[in-house]
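Per this note's numbering, the sequence shown starts with residue 40, numbered consecutively.
We put the CB at the ideal spot given by N, CA and C, even for glycine.
None of the values given here were measured: they were computed from a predicted structure.
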Amino acid sequence: QVQLVESGGGLVQAGGSLRLSCAVSAYIFSRNVMGWYRQAPGKQREFVASISTSGSTNYADSVKGRFTISRDNTKNTVYLQMNGLKPEDTAVYYCNSRRWPDEYWGQGTQVTVSS
Numbered sequence: 040q041v042q043l044v045e046s047g048g049g050l051v052q053a054g055g056s057l058r059l060s061c062a063v064s065a066y067i068f069s070r071n072v073m074g075w076y077r078q079a080p081g082k083q084r085e086f087v088a089s090i091s092t093s094g095s096t097n098y099a100d101s102v103k104g105r106f107t108i109s110r111d112n113t114k115n116t117v118y119l120q121m122n123g124l125k126p127e128d129t130a131v132y133y134c135n136s137r138r139w140p141d142e143y144w145g146q147g148t149q150v151t152v153s154s
């Protein structure tokens, strides 16, 4: 059974930092592209960042220069370091793992940024 377990969300003031973690089942982690998505109330889920098996990264324009995605292959864990947080970053953040045609999602972790 594939598992993606997120942690690290919480409440932070604008300008602050948080680091999200996502622990992934070992047998898929090394083969899959890992990513983070978010969904704010009343809005569609949107892409935040992704990292390939070779370490190549992509970011949404809204988070470039503030967020950093990384993966630790020894711990089967992907991270999202979020700096310079803004109230508009408030959302439920979801970990994603994909390798065509399969895709998996975590349960989500709430990030709330107060102004």
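- In the DSSP assignment, residue 65 falls within the alpha helix (DSSP H) that extends over 65-68.
- Counting the other CB atoms within 10 Å of its CB gives residue 66 a total below 16, which places it among the exposed residues.
- By a beta-carbon distance limit of 8 Å, residue 58 does not contact residue 133. Their separation comes to about 16 Å.
- Distance from the Cα of residue 109 is smallest, within the candidate group 56, 60, 85 and 64, for 60.
- Taking residue 98 as the centre and dropping the five residues before and after it, the same chain places the C-beta of 88 closer than 6 Å to its C-beta, in chain order.
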